[in-house]
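Okay, structure first, notes after.
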Amino acid sequence: MQVRVLGCSGAIARNCRTTSFLVDDDLLVDAGTGVGDLTLDEMAAIDDVVLTHSHLDHVAALPLMIDAIASRRTQPVRVHALRPTIDALRTHVFNNVIWPDFASIPSRESPFVSFHEIAIGQQLQLGSRQLKHIEVLPAVHTVPTCGFAVRCVEGTSHWVFSGDTERNSPFWERVNAMDVGALVIETAFSNREQALAERSLHLSPATLADELALIGPGRNYPVYITHTKPSETEEIMSQIAAFADGLRAQGLEQRDIRWLEADGVLHI
Ligand SMILES: [Zn+2]
Ligand SMILES: [Zn+2]
-16 MQVRVLGCSG AIARNCRTTS FLVDDDLLVD AGTGVGDLTL DEMAAIDDVV
34 LTHSHLDHVA ALPLMIDAIA SRRTQPVRVH ALRPTIDALR THVFNNVIWP
84 DFASIPSRES PFVSFHEIAI GQQLQLGSRQ LKHIEVLPAV HTVPTCGFAV
134 RCVEGTSHWV FSGDTERNSP FWERVNAMDV GALVIETAFS NREQALAERS
184 LHLSPATLAD ELALIGPGRN YPVYITHTKP SETEEIMSQI AAFADGLRAQ
234 GLEQRDIRWL EADGVLHI
């Protein structure tokens, strides 16, 4: 299974695109502005989209993508999300004001997009060409949010994505029971912005350190940092590097912390 990083930034700027991952060629995880780098053929090959939550940096490209590929597809794009996320999209985006209601265009029987409710803890199988097993993980954020653990049906290792979150011990209870090939976890703000991180329910390097301490003993897998605000990325990186140095100095278990790069591909 391969995970192509389309966007991994906490905001937009030149060369900064917001959260989106293409798993193999048929499953999209979040639909931030990184989707706009795909060709029409690549977009048209996406049959399923799973969304962590309704925030704009995770859904901005969804309405535009559906419009771009509608004429190339014979089946609706299936969007899977928590019920409040679906309600938000229907009410605030696909409402015939901001964007057409593509769940009833060209007809209710054969629309361009269909919505499918998922729930925390649910396990589902998606992917029309390369079947994937997906578990919906808990997250702690200002709106109902989830993370995902994805693996090939034949494979054993999971690609785990935290979604937007603050401290989240139920997430680690579940992830510690999985074979993890790679973890992508957010760190949106620097320690300097800790108050803002707590208010907006995001992680900072300090709270990331607390979270990584919950990884079970003897378990070591690559931990990729995502969702840094472009204006704070260097500060966040240096604060995480200092935390890693501290672990080394104290003789504590090391973490394999890496930086997620847009256009990078993770092979799980
Ligand atoms: Zn968010
Ligand atoms: Zn976000």
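Position 37 of the sequence shown, counting from 1, maps to 20 under the working numbering, and the rest follow consecutively. Ideal Cβ placement from N, Cα and C applies to all residues, glycine included. In this text the structure is predicted, and so the values were computed from the model without any measurement.
- I69 sits in a helix when the DSSP states are folded into three classes.
- For L39, there is no enclosing beta strand (DSSP E); the residue is part of the alpha helix (DSSP H) that begins and ends at 39 to 42.
- For the pair G164 and Y207, the CB atoms are not nearer than the 8 Å cut-off.
- In this structure, the alpha-carbon of R(-3) lies about 22 Å from that of L23.
- Counted as a single uninterrupted DSSP element, the alpha helix (DSSP H) harbouring R231 occupies residues 216 to 232.
- Counting of Cβ neighbours within 10 angstroms places Q222 among the buried residues, the total reaching 16 or more.
- Counting every other CB atom within 10 Å of its CB across the protein chains shown gives D228 a total below 16, marking it as exposed.
- Around the beta carbon of S37, 16 or more other beta carbons sit within 10 angstroms, so the residue counts as buried.
- In the DSSP assignment, Q108 falls within the beta strand (DSSP E) that extends over 106 to 109.
- Sorting D162, V80, L184 by C-alpha distance to the C-alpha of T125 places L184 at the top.
- Using a cutoff of 7 Å, the CB of D147 counts as near ligand 1, since one of the ligand's heavy atoms is closer than that.
- For T190, there is no enclosing beta strand (DSSP E); the residue is found in the alpha helix (DSSP H) stretching over 188 to 195.
- A distance below 8 Å separates the beta carbons of V18 and A44.
- Membership of A165 in the beta strand (DSSP E) is indicated by the continuous run 163 to 169.
- Excluding the 5 residues flanking it on each side, V6 has same chain C-beta neighbours closer than 7 Å at M(-16), V(-14), V12, K115, V133, in chain order.
- Within 10 angstroms of the beta-carbon of T190 lie 16 or more other beta-carbons, which makes it buried.
- Comparing alpha carbon positions, the residue from T139, V123, M48 closest to E194 is V123.
- If you draw a straight line from the Cα of I(-5) to the Cα of N78, it is about 25 Å long.
- Looking from the CA of I103, the closest CA among L39, D30, H63 belongs to H63.
- In terms of Cβ geometry, L107 and I101 form a close pair [threshold 8 Å].
- Rounded to whole angstroms, the separation of the alpha carbons of F95 and A28 is 14 Å.
- Between A86 and S97, the C-beta spacing is below 8 Å.
- Scanning the region -13 to 17 for uninterrupted beta strand (DSSP E) segments of 3 residues or longer gives 3 to 6, 10 to 14, listed from N- to C-terminal end.
- C(-9) is not a Cβ neighbour of L186, given a cutoff of 8 Å.
- Per DSSP, reduced to three states, the secondary structure at V76 is coil, with no helix or strand assignment.
- For the pair R150 and R55, the Cα-to-Cα distance works out to about 42 Å.
- Between P213 and C(-1), the C-beta spacing is below 8 Å.
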